[in-house]
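What follows is a single structure, written as structure tokens, with notes after it.
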Amino acid sequence: MITLHRRASPSRTMGWFAPVIALGLTLLAGLILFAVLGVPLLKAFQAFFIDPVSTRYGLAELGVKAAPLIMIGVALSIGFRAQVWNIGAEGQLILGGICGAAVGLYFYEVDAWYVLPLMMLAGVLGGMLWAAIPALLRTRFNVNEILTSLMLTYVAALLLSYLVAGPLRDPDGYNFPESRLLHDAALLPRILDGTRLHLGAAIALGIVVAAWVLLSRTLLGFALRVNGAAPRAGTHAGFNQNRLIWFVLLAGGGVAGLAGLFEVAGPIGQLLTTISPGYGFTAIIVAFLGRLHPVGVFFAGLIMALSYLGGETAQIDLNLPLAVTGVFQGMLLFFLLATDVLINYRVRWGRR
Amino acid sequence: MNETIILTLITIITAATPLVYASLGELVTERSGVLNLGVEGMMLTGAVCSFATVHYSGSATLGVLAGCLAGMALALLFAFLTLTLQSSQVATGLALTIFGVGLSALIGQSLVGIAFEGLPVLMPELARIPAIGKLLFGHDILVYGSFALVAATSWFLSRTRAGLVLRSVGDSHDAAHALGYHVIRVRYLATLFGGACAGLAGAYLSMAYTPMWVENMSAGRGWIALALVVFAVWQPGRLLLGAYLFGGISILQLHGQALGFQVPSQLMSMLPYLTTILVLVLISRDGGRIRRNAPASIGKAFHPTT
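Protein chains in written order, with my numbering: chain L, 42 to 393; chain R, 22 to 327.
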């Protein structure tokens, strides 16, 4: 039997080591999984971790995939610190994509500098609107934000599917459920020639810095941290809990919406029935893998982006199903949560 | 009775049954003080495991059993992490769903597109009675089982000593511990029961509701089941009512077009999710009601030395 002995104070060493141990255990479990599936281990390792990032284009793709994960992961981690569980970022991302693309399509063929900024604004507002619903219901009617934000994700996906099949469908598209291709002025500029790396990646970096400043250098950041660690202390200190909930959800929704617009105006270039391979959900893992710290989230985003790229390479090279990526991500989160115990407890084998 | 009305009622029953199982399991888990957000993942894994078992063994009984066991296996993983290793229940539940969605897609990749004739009707002779025969007797064993399980659970929670212990663990784990009850053991068992029920719900989806395997086929039913527990204010009887209400709403989308509603199908499909939100608002706005009925220790970790 395992027995746990509470440490007098959380171990700082383990705070850094636990995620590394979790990554190692995930790799080990992955190797076992590949062995069970009958995949040659070396080839699998190469397909997952070496091939995707061995070219300039591959590295740029890593940035393309990491940008949404990092932005949303950072925004969500602020909420998780304050114990606000916005798990509907995927829906907020979709709404941002819809609103941003709608603006782009409204200005179709208009070649002006203001088109893209307006689209970004619409993306942010769309995500905020979607996140405002759980915020209103939580602060006004005491409704759990986990369930409402998640339900709204399904609604958003259906809304997108309705819009691209109906009102936003390409009029010359032979009835395919997709919108027109966005024109040049509505597309994000590329920041690396010959690749798909776009302006959004740079903005994602800016969001990491902004979040770090917010959390470590401002009163609001302090209020968020206190509220998460000890809600009653926060209330006694005069921090308005409802305002924190609104702030956290709107910030998360806005960033997720912006990420959605980046997908539509970046790598995709039009509205399709799906505009995200679950970035909004994976960002939850990214937030935890980064231990809810902006810098940690940055590296965690790169790692999870690699798992997407590796999954795609493995699908092509080794004929592995794309679902392997999901299994990997789930396992990683399990191991992370399991190794968290090392921070607060000493683990001993044998009876107490 | 009118033929279409009977057919509609039958589809409501089939739509409600998986919700009854999944939410009943979660209700028992929550009554012991554990919040498992991984219902969706357990349901999907149960669905794919039971379908695969039926496909390879040909035995429906084994299929149901496999779904049950698969749900329990994931629940055990959840229990080990949250109860033994003290991880956050919310985060671990989310992980369980993400893992379950991926795992089920991985297991099911070679099963996509295979059909199966569905579970046999339990009482085919009685089902031939004109008019009401099909409505009352034309179902498979899992439908009748769901009613029996609700009754049994209700009796267990309110009328037995073990049920009282389970509720006391959920309401005040410290008091239960002081009285000498094994808090962790009770919570393990309740979590496993929840997993078994979620697995059964999944088995019903892939073996009876739509007898085939489709990726992500539960389509959020695991999350709706979680909302149903709140709707039922943790009472099994009300849960049955809620599940049938949702069953009715979710088949509206199937019959909407036939009844002449000129609404795009995607918008009709939003109904169950929007209703869930609406129902949560109606129930939760009265904070006192939730506080009086919710297990007081829900979601809180228990460690004997603290």
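Ideal Cβ placement from N, Cα and C applies to all residues, glycine included.
So for residue i, helix, strand or coil by DSSP?
i	result
G275(L)	helix
M233(R)	strand
S50(L)	coil
Y202(R)	coil
L132(R)	coil
V388(L)	strand
L45(L)	strand
H194(R)	helix
R231(L)	strand
H276(R)	helix
H334(L)	coil
D307(R)	coil
H160(R)	coil
T105(R)	helix
V205(L)	helix
L199(L)	helix
N330(R)	Coverage of chain R is limited to positions 22 through 327, which leaves residue 330(R) absent and any answer about it impossible.
F90(L)	helix
P150(R)	In the sequence on display, residue 150(R) carries Ile and not Pro. I150(R): coil per DSSP, three-state reduction.
Q283(R)	coil
R393(L)	Because the pLDDT at R393(L) is just 49, under 50, the model does not fix this residue reliably, and the value given afterwards should be weighed accordingly. Correct three-state label for R393(L): coil.
D358(L)	helix
D213(L)	coil
E150(L)	coil
S53(R)	coil
P318(L)	coil
E138(R)	coil
V41(R)	helix
N268(L)	helix
Q124(L)	coil
Mind reading off the beta-carbon distance from residue i to residue j? Whole number of angstroms is fine, and I expect it under 8 Å.
i	j	result
A219(R)	G243(R)	7 Å
W126(L)	I187(L)	5 Å
A91(R)	C70(R)	4 Å
L143(R)	I128(R)	Incorrect: roughly 28 Å between the Cβ atoms, too far for contact.
H194(R)	S318(R)	5 Å
Take residue i and list the residues in its own chain whose beta-carbon comes closer than 8 Å to its own, dropping the five residues that flank it on each side.
i	result
Y202(R)	V186, S189, V190
L178(L)	V184, E186, T189
V156(L)	V144, G145, F148, A226, A227
I119(R)	G62
G139(R)	D161, M228, A229, P232
T333(R)	An answer regarding residue 333(R) cannot be provided, because it is not within the stretch 22 to 327 covered by chain R.
Start and end of the alpha helix (DSSP H) containing residue i?
i	result
W244(R)	242 to 252
D381(L)	Per DSSP, D381(L) belongs to no alpha helix (DSSP H) and is neither H nor E.
V254(L)	240 to 258
K321(R)	Note, K321(R): premise wrong, no alpha helix (DSSP H); not H, not E.
S290(R)	286 to 290
W171(L)	156 to 182
A73(R)	60 to 78
E219(L)	Per DSSP, E219(L) belongs to no alpha helix (DSSP H) and is neither H nor E.
F280(L)	From DSSP, F280(L) is part of no alpha helix (DSSP H); its letter is neither H nor E.
A306(L)	Taken as a continuous stretch (DSSP letters only), A306(L) belongs to no alpha helix (DSSP H), as it is neither H nor E.
G92(R)	81 to 100
Cα-Cα, which of the options is closest to residue i?
i	options	result
G145(L)	G104(L), L255(L), A163(L)	A163(L)
V133(R)	R149(R), T231(R), F214(R), I270(R)	T231(R)
Q133(L)	A364(L), F329(L), T314(L), V296(L)	V296(L)
L378(L)	F303(L), L302(L), G331(L)	G331(L)
P158(L)	G65(L), L68(L), Q124(L), L229(L)	L229(L)
L170(R)	F214(R), L147(R), H76(R), V142(R)	F214(R)
L115(R)	L98(R), H76(R), S131(R), Q130(R)	L98(R)
N268(L)	T315(L), L191(L), F280(L), T259(L)	F280(L)
G123(R)	P109(L), A364(L), I113(L), H277(L)	A364(L)
G294(L)	V327(L), G129(L), L246(L), I316(L)	G129(L)
L209(L)	D152(L), A142(L), W287(L), L66(L)	A142(L)
I316(L)	E219(L), V382(L), Q282(L)	E219(L)
Y195(L)	L166(L), I174(L), E131(L), N283(L)	E131(L)
Leaving out five residues before and five after residue i in sequence, what residues of the same chain have Cβ atoms less than 6 Å from its Cβ?
i	result
A88(L)	T354, A355, D358, L359
T32(R)	I272
A36(R)	G268, S271, I272
T74(R)	L83, G84, A87
By Cβ distance below 7 Å, which residues in the same chain neighbour residue i in space, the five residues on each side in sequence not counted?
i	result
L333(L)	S118, F121, R122
S53(R)	L187, V190, G191, V207, R208, A211
V115(L)	I248, V249, A252, P335, V338
A246(R)	L40, A43, S44, E47, V60
A164(R)	Sequence inspection shows Val at residue 164(R); the Ala mentioned does not correspond to that position. Around V164(R): I34, T38.
T366(L)	S348, Y349, G352
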